[in-house]
Amino acid sequence: MPKLRMREAVIRALADELESDPTVILMGEDIAEAGGPFKATEGLKEQFGARRVRDTPISEMGFLGAAVGAAATGLRPVVEMMFIEFIGVALDQLTTEACKFRFLSRGKLNVPLTVRASAGAGLGFGCQHSQMLDQWFRGTSGLKLAVPSDPQTAYGLLRAAIRDEDPVIILETRSLYGDRGEVTLGEAGIIPLGKGSILRSGSDVTVVALGQMVKHAAAAIQDGQIDAELIDLRTLIPWDRELVLESVSRTRRLVIVEESPYSGGWGTEIAAEVSRELFGQLLSPVHRITLPDTPVPYAASLESRYLPNAEVIRSQIDAYMTSGLSPEPWWRLEGLARA
Amino acid sequence: MPKLRMREAVIRALADELESDPTVILMGEDIAEAGGPFKATEGLKEQFGARRVRDTPISEMGFLGAAVGAAATGLRPVVEMMFIEFIGVALDQLTTEACKFRFLSRGKLNVPLTVRASAGAGLGFGCQHSQMLDQWFRGTSGLKLAVPSDPQTAYGLLRAAIRDEDPVIILETRSLYGDRGEVTLGEAGIIPLGKGSILRSGSDVTVVALGQMVKHAAAAIQDGQIDAELIDLRTLIPWDRELVLESVSRTRRLVIVEESPYSGGWGTEIAAEVSRELFGQLLSPVHRITLPDTPVPYAASLESRYLPNAEVIRSQIDAYMTSGLSPEPWWRLEGLARA
Amino acid sequence: MTDQTQKDFLVEESLRRRSELSSPENRLDRMIEIRAVEGKLQSLFNDGFIRGSTHLSNGQEAISVGIAATITTSDWVTCTYRGHGTALSLGVTPTAVVGEIAGRVIGCVGGLGGSMHLCGVEVGLLPTFAIVGAGYPVAAGAALTAQYQGTSDIAVAICGDGATNIGAFYETLNLASIWKLPVIFVVENNLYGEYSRIQLTTPIEDLAQRADSFAMPGVIVDGQDLDAVMDAMTAAVSRARAGEGPTLLEMKTYRYSGHSRADQANYRPAGELDEWLLRDPINLYAHSLGISDAELEERRRVINAEVDMATEVALASPEPPIADLFEFV
Amino acid sequence: MTDQTQKDFLVEESLRRRSELSSPENRLDRMIEIRAVEGKLQSLFNDGFIRGSTHLSNGQEAISVGIAATITTSDWVTCTYRGHGTALSLGVTPTAVVGEIAGRVIGCVGGLGGSMHLCGVEVGLLPTFAIVGAGYPVAAGAALTAQYQGTSDIAVAICGDGATNIGAFYETLNLASIWKLPVIFVVENNLYGEYSRIQLTTPIEDLAQRADSFAMPGVIVDGQDLDAVMDAMTAAVSRARAGEGPTLLEMKTYRYSGHSRADQANYRPAGELDEWLLRDPINLYAHSLGISDAELEERRRVINAEVDMATEVALASPEPPIADLFEFV
Ligand SMILES: Cc1ncc(C[n+]2csc(CCOP(=O)(O)OP(=O)(O)O)c2C)c(N)n1
Ligand SMILES: Cc1ncc(C[n+]2csc(CCOP(=O)(O)OP(=O)(O)O)c2C)c(N)n1
Ligand SMILES: [Mg+2]
Ligand SMILES: [Mg+2]
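Chains as they are written, first to last, in my numbering: chain A, 41 to 379; chain B, 41 to 379; chain C, -1 to 327; chain D, -1 to 327.
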């Protein structure tokens, strides 16, 4: 098993799909000649040629829409949105067009389109280049969304996405691109969409995390003093209801760790569903550890508080376990904000 | 108190704000000469002139962005998005630009912008012209979103939005434009953003609804056989936490009626928060009555099932009250879909 | 016939109808058919038989037929909510069009789509777009598939004059030019975008000029003259098939009705419609074929009767079953 | 000084700095200052002092200074992430610029914004835009405010060549033309959008041509020649103030560095940079003012020292308090 950085795992996934399926093509800004702004497509143009690995003008609506049209008529395009914010100028093509084609053709057409985008905070890119923005994609039927947490999931989820018959977005947490890990390549390394994974078994509390929060949640509980079960959700839309419900039905406590705001964060859906399905069985309310409801700040000292880290997660879980209640977030405790 | 149709209440709100504040201007496609595709700006150009009531080219990014710039530099623009779906080509200007200006100027600038959009299903406009799409706006700090349920709220919320110092979206449920009701005009008719309203007091179950679902929820419980407390949420972002929590702390049961999909619907946030805050105090799990996770269908027979009506709401509430559980939605009961 | 056999029959029928367009008389008849179907739709709407919205293309029939007659069924077309003419020209049957708009299972999308969302995959019609501009890049993508796969297929994007003010239009023209995609952009310049006259929203008169920014040929075409449409299309199609890249065709035309069903089009200057009626595409083409007024009347009578029958079949079809709501998500 | 007095002082200082641009020598010095600040920023980045990204505008100084010297502080400017030159020219102090990029409370956005988000409301700089194209319509809106209020203020939108391929550009030009808004669109054509040479993304050479689609004057300007920039701006500004509408100015220029801090710009053909260095805007302008090489060196020395001091002040400022995260939402 090779040890790869996450960006290299992305390259391998793309290469393997380009290799195995001649209808796969890549498009995006500066992904071909330059190998991608995050070097997550490095070498692919050299290997597969400019016909299959295509640089585009700065025209997100244009090239995302072209990918929709290409996907509906026989290709399997993989589009890179350099930063997920950029889809704010092109959302229509994904949610209102691509995700409606199957319905509007009564099943005669489908759109096997993958959108990869870098996302997330932590690197000092400021408030227009540091968000996850998964909320833009929730509630759109026909759309899937996955968030890798390490090189293996980056590899496996991306390959599954490219093979999927419908639109899939992969949010690649930018701060993880340099992380290294062993990666099972090939068919065995493919990770089905819609399935979470138990990274650590435990019986006192289930911790559900996604993307870069998985790493921080794992660090928070690694000393084993809390007998926590850690689930990497991997796919957010649709999330793995069975796995989460089964786990929480055993542990009877749930903490969700989100790189998502308190108001409107993705954890609300899981909290709502778990509270409904396991009504009367929980020992404590579902607890969410989230971002505050603010733009992403630039200054390092602020950004590092903005994003939950292992220490914060640990102290929140401790408070949750001790009190049996859902502790208030730090900004309420410190009197900084109400929400 | 005049009896007005909802579209007339919108016109009155706009006229009153145009009258009282010379910095208020209106922009949108065919809102001036033609009085608006839904006649919700009828007569305003004649009354206030083409300088203040402006037709635009079909350029949502262009005119929404121009409104952002105008708002940041001294005007109070009200933009009409004819159908909320159209903001899919211009979302960037609202969420990524307008909502960041206060932060990115360290408080020196603000964007008193109102976006009005028609929204919602029920009129046979098909799947690209019938959605609510409030999910696109959740999780964006600095943004407010309100949904009137009748002429009075259309009037009062819109005036409050125009006076607000930050961006506000008003989703006007299209199917209500023709509904008539008495409207208190003037200052007394203004409805503060962020505040819900108890339309009917009751002690056995709280029913929270928004937009056109308020009418259907009210019809569902009007015979008084269930002692339900009905809350019109009015503002969805931010929703009235205090009011809902206070009500549910009395009734100890909550049903949310949403024109929003089951997965990713707005009710998840309320369900999560209520389940957290009133943990151990609820008699039944929070129950959501939602749309199914599908595009909006065209055929009348399908669309009428797609949208919850009074009968469905009633039978769901009955099942909820009788069983003490959250009943499955009809599509699961009928084996049509899992989610 | 079961619904399925009915549907298979309609598909075959669409292909047959498309092939008919090689004959000038059939092209004339198709224009007459479009006019007849739209007349029917308007009255069904007026009588409350069908709901939602509708956007007639009467007056613009030569463009729809001219496009369909110059491309093949393996070429792809993207079109707007104003798509009746395009769908019927490409071959979709009157029953499938009326059925869709009546929300019946026999409709071309089984009643799921409605007036703004016709579709005919078998004849190259992608689901029509209700968002202005959305069809442009999708057509470019269909052209990319053809270019990539090395077929000689092309794509055609049909939009209105107003749609040349939206960002997607420019982004697509640029991309298509840079990638030399085999795509034709047809702008139906009918002088109005909804209730706004073009001068109020667009500072130039000839939209073909907008191709210049992308080093693309932009051609002004008389959209009322079927032969002119076919000539312009034929040239653009050969250019595209030869790998020489995209073309923008501006079709000067006029819609006789208002923007959508409720619109009485009072914003039009007096006499404007009458002037355009003098250059009605059906009459012009009939005359160019040497067809007498009497014969033309007879053709209209026959076709109207056929459309009446097709409408009856459509309305006799049931609404879609609830399972369909979940099956195609 | 308390932070607040410090800040008030910086605002006043910004206004003073702006007024300085009426003198040619000061304009030269401002260009030298921009070059010096960016050199400093690059080394601070290299040394790991500051993080995130940065986009230098070295080579493009004449455009920034030329714009600032021809408009007033009540005019509004929208600019991109490549905004150091614009901010400094408009008057924002080196301390406020370096402080922002270092994430300090003394920064022009108090460290909340960072490299891509400079701001100087007092001198007309709206928060700079990190989304390509986003500043175009916002500038049009600022121009609308001026037009509506009947002031003679104008707005200037500054973007790159690559940004003329994005939809918002066209939508804004069209809207500005239709509404005759007092806005000037400045395209800094530095031949590259990120790592892509313009020919790979854009099928025409002169972007000024893109104004034609909107019946708007499009002017090609030598962006390395401060006098040429000022002349072109002055004409466009009078046009705008006179109510005659918008102008597109294409400034031909070059960025000496790569796109952002990590970029070595290996994609550039050998010799290209050297050729452009021959027409360095600072040298050209110094020569046109009859300033000797020795004197120019001396000016550079003095200004570098000032920038060093400004940097020290900036870095001595604390990071923002956590309360600031919540105060400006
Ligand atoms: C993005 C978007 N904005 C606005 C609309 C509403 N709308 C539908 S049709 C139309 C007018 C289009 O005019 P034109 O392009 O000239 O086409 P025509 O209807 O004349 O065929 C408008 C504004 C829309 N569907 N999508
Ligand atoms: C909508 C959007 N797409 C892509 C980007 C990424 N991006 C940032 S700068 C840039 C290149 C812009 O080139 P140009 O307009 O020529 O400006 P320059 O950087 O040369 O000044 C790109 C693609 C972005 N910020 N926003
Ligand atoms: Mg038109
Ligand atoms: Mg450039």
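Quick reminder that beta carbons are idealized off the backbone N, C-alpha and C, glycines included.
Please check if any C-beta of chain C sits within less than 7 angstroms of the C-beta of MET41 (chain B). Translated into positions along the second sequence, residue 41 (chain B) becomes position 1. So no, MET41 (chain B) is outside the interface.
Could you work out which residue in C:GLU98, C:ALA263, C:ALA284 and C:TRP177 is closest to GLU242 (chain C) when comparing CA atoms only? If you number the third sequence from 1, residue 242 (chain C) lands on position 244. Selected option, being the one with the closest Cα: C:TRP177.
Chain-ordered chain A contacts of GLU325 (chain C) [CB-CB under 8 angstroms]: Position 327 of the third sequence, counted from the start, is the residue given in the question as residue 325 (chain C). Within 8 angstroms of the CB of GLU325 (chain C), the CB atoms of chain A belong to GLY147, in sequence order along the chain.
Compare the beta carbon distance of PHE165 (chain A) and GLY50 (chain D) with 7 angstroms and say whether it is the shorter of the two. Locating residue 165 (chain A) in the first sequence gives position 125, where the first residue counts as 1. Locating residue 50 (chain D) in the fourth sequence gives position 52, where the first residue counts as 1. It is a contact, given that the beta carbons lie within the stated cut-off.
Which runs of the beta strand (DSSP E), 3 residues or longer, sit entirely within the segment 6 to 59 of chain C? none
Is it right to say GLU374 (chain B) is buried, meaning 16 or more other beta carbons lie within 10 angstroms of its own, or is it exposed? One-based indexing of the second sequence puts residue 374 (chain B) at position 334. It counts as exposed.
Close beta carbons around GLN262 (chain C), own chain, < 7 angstroms, minus the five adjacent residues each side: Counting from one through the third sequence, the residue named residue 262 (chain C) turns up at place 264. Here the set comprises GLY256.
Using a threshold of 6 angstroms, is the CB atom of ILE266 (chain B) nearer than that to any non-hydrogen atom of ligand 1? Along the second sequence, one-based indexing puts residue 266 (chain B) at 226. No.
Can you give the Cα-Cα distance for THR332 (chain D) and ILE266 (chain A), rounded to whole angstroms? Any property of residue 332 (chain D) remains undetermined from this structure, which presents chain D solely from -1 to 327.
Would you mind telling me which residues of chain B sit closer than 7 angstroms to PHE123 (chain A), beta carbon to beta carbon, in chain order? Sequence index remark: in the first sequence, residue 123 (chain A) carries index 83 (1-based). Going along chain B, no residue has its Cβ under 7 angstroms from PHE123 (chain A), so there is no contact; the nearest lies around 10 angstroms.
Between TRP370 (chain B) and chain A, is any beta-carbon pair separated by less than 7 angstroms? Residue 370 (chain B) sits at position 330 when you count from the first residue of the second sequence. No - not a single Cβ of chain A is within 7 angstroms of the one on TRP370 (chain B).
Which same chain residues, not among the five before or five after ILE218 (chain D), have their C-beta less than 7 angstroms away from its C-beta? As a working note, residue 218 (chain D) is residue 220 in the fourth sequence. Taken in chain order, the residues that qualify are ASP204, ALA206, GLU248 and LYS250.
Helix, strand or coil for MET122 (chain B), going by three-state DSSP, please let me know. The residue given as residue 122 (chain B) occupies position 82 in the second sequence. Strand at MET122 (chain B).
Our contact map puts PHE326 (chain C) next to ARG146 (chain A) with C-beta atoms below 8 angstroms; I'd like the distance itself, whole angstroms only. Numbered from its first residue, the third sequence carries residue 326 (chain C) at position 328. Numbered from its first residue, the first sequence carries residue 146 (chain A) at position 106. The pair is a contact, with the Cβ atoms about 6 angstroms apart (cut-off 8 angstroms).
Out of A:GLU313, A:ASP61, A:GLU299 and A:LEU318, which one is the CA nearest neighbour of ARG345 (chain A)? Residue mapping note: residue 345 (chain A) aligns to position 305 of the first sequence, counting from 1. Ranking the options by Cα distance to ARG345 (chain A), first place goes to A:GLU299.
Give me the pocket residues for ligand 4, defined as CB within less than 6 angstroms of any heavy atom, sorted by chain position. D:GLY158, D:ASP159, D:GLY160, D:ASN188, D:TYR190 and D:GLY191
CA-CA distance, ALA233 (chain D) and THR68 (chain D)? What you label residue 233 (chain D) is simply residue 235 of the fourth sequence in a count that begins at 1. What you label residue 68 (chain D) is simply residue 70 of the fourth sequence in a count that begins at 1. Taking the straight line joining both Cα atoms gives about 10 angstroms.
Does the distance from the C-beta atom of HIS82 (chain C) to that of SER55 (chain C) stay below 7 angstroms? For this step, residue 82 (chain C) is matched to residue 84 along the third sequence. For this step, residue 55 (chain C) is matched to residue 57 along the third sequence. Yes.
Taking the alpha helix (DSSP H) that LEU183 (chain B) belongs to, which residues open and close that run? One-based indexing of the second sequence puts residue 183 (chain B) at position 143. Looking at the DSSP string, LEU183 (chain B) is not in any alpha helix (DSSP H), and its letter there is neither H nor E.
Contacts around THR180 (chain B), its chain only, beta-carbon distance under 6 angstroms, and the 5 residues preceding and following it disregarded: Here residue 180 (chain B) refers to the residue found at position 140 of the second sequence. So the qualifying residues of the chain are THR135 and CYS139.
Are there 16 or more other CB atoms within 10 angstroms of the CB of GLN168 (chain A), so buried, or fewer, so exposed? Along the first sequence, one-based indexing puts residue 168 (chain A) at 128. Answer is buried; the Cβ neighbour count reaches 16.
Going by the C-beta, is GLU125 (chain A) closer than 6 angstroms to any heavy atom of ligand 1? Here residue 125 (chain A) refers to the residue found at position 85 when the first sequence is read from its first residue. Result no, Cβ not under 6 angstroms from ligand 1.
At the level of alpha carbons, what is the spacing between PRO92 (chain C) and THR0 (chain C)? Position 94 of the third sequence, counted from the start, is the residue given in the question as residue 92 (chain C). Position 2 of the third sequence, counted from the start, is the residue given in the question as residue 0 (chain C). Using only the alpha carbons, I get a separation of about 19 angstroms.
In chain order, what residues of the same chain have a beta carbon less than 7 angstroms from the beta carbon of SER289 (chain B), not counting five sequence neighbours either side? Within the second sequence, the letter at position 249 stands for residue 289 (chain B). LEU318 and GLN321.
So with CB distances below 9 angstroms, who are the chain B contacts of THR170 (chain D)? Counting from 1 along the fourth sequence, the entry for residue 170 (chain D) is found at position 172. Taking a Cβ-Cβ cut-off of 9 angstroms, the neighbours of THR170 (chain D) in chain B comprise SER99, MET101, GLY102, GLY105 and ALA106, given in sequence order.
Please list the terminal residues of the continuous alpha helix (DSSP H) segment that includes MET231 (chain C). Position 233 of the third sequence, counting from 1, holds the residue named residue 231 (chain C). Start and end: 224 to 239.
Identify the residues that DSSP records as bridge partners of ALA380 (chain B): which are they? Because chain B here runs from 41 to 379, residue 380 (chain B) falls outside it and cannot be looked at.
Please confirm whether GLY111 (chain D) and LEU144 (chain B) have their CB atoms less than 7 angstroms apart. Counted from its first residue, the fourth sequence places residue 111 (chain D) at position 113. Counted from its first residue, the second sequence places residue 144 (chain B) at position 104. Their beta carbons are under 7 angstroms apart, which means GLY111 (chain D) touches LEU144 (chain B) by this criterion.
Please determine whether the Cβ atom of ARG381 (chain A) lies at a distance below 6 angstroms from any heavy atom of ligand 2. What the structure shows of chain A is the stretch from 41 to 379, and residue 381 (chain A) is not part of that stretch, so it cannot be assessed.
CYS117 (chain C), DSSP secondary structure in three states: Indexing the third sequence from 1 puts residue 117 (chain C) at position 119. In this structure, CYS117 (chain C) counts as coil in the three-state DSSP scheme.
Let's test the definition: count the other Cβ atoms within 10 Å of the Cβ of PHE103 (chain A) and tell me whether it reaches 16, buried, or not, exposed. The sequence position of residue 103 (chain A) within the first sequence is 63, counting from 1. PHE103 (chain A) comes out buried.
Looking at chain B, is there any beta carbon in it that lies within less than 7 angstroms of the beta carbon of GLN175 (chain A)? In the first sequence, counting from the first residue as 1, residue 175 (chain A) sits at position 135. Yes, its Cβ sits closer than 7 angstroms to a Cβ of chain B.
Any heavy atom of ligand 1 closer than 6 angstroms to the Cβ of GLU203 (chain C)? Working through the third sequence from its first residue, we reach residue 203 (chain C) at position 205. It does not: the Cβ of GLU203 (chain C) is nowhere closer than 6 angstroms to a heavy atom of ligand 1.
So ALA311 (chain A) is in the alpha helix (DSSP H); what residue range does that whole segment cover? Looking up residue 311 (chain A) in the first sequence gives position 271. Per DSSP, ALA311 (chain A) belongs to the alpha helix (DSSP H) from 307 to 317.
Rounded C-alpha distance that separates SER355 (chain B) from VAL295 (chain B): Taking the first residue of the second sequence as 1, we reach residue 355 (chain B) at position 315. Taking the first residue of the second sequence as 1, we reach residue 295 (chain B) at position 255. Rounded to the nearest angstrom, the gap between the Cα atoms of SER355 (chain B) and VAL295 (chain B) is 12 angstroms.
Nearest chain A C-beta to ARG316 (chain B) closer than 7 angstroms, yes or no? Locating residue 316 (chain B) in the second sequence gives position 276, counting from the first residue. It does; some Cβ of chain A falls within 7 angstroms.
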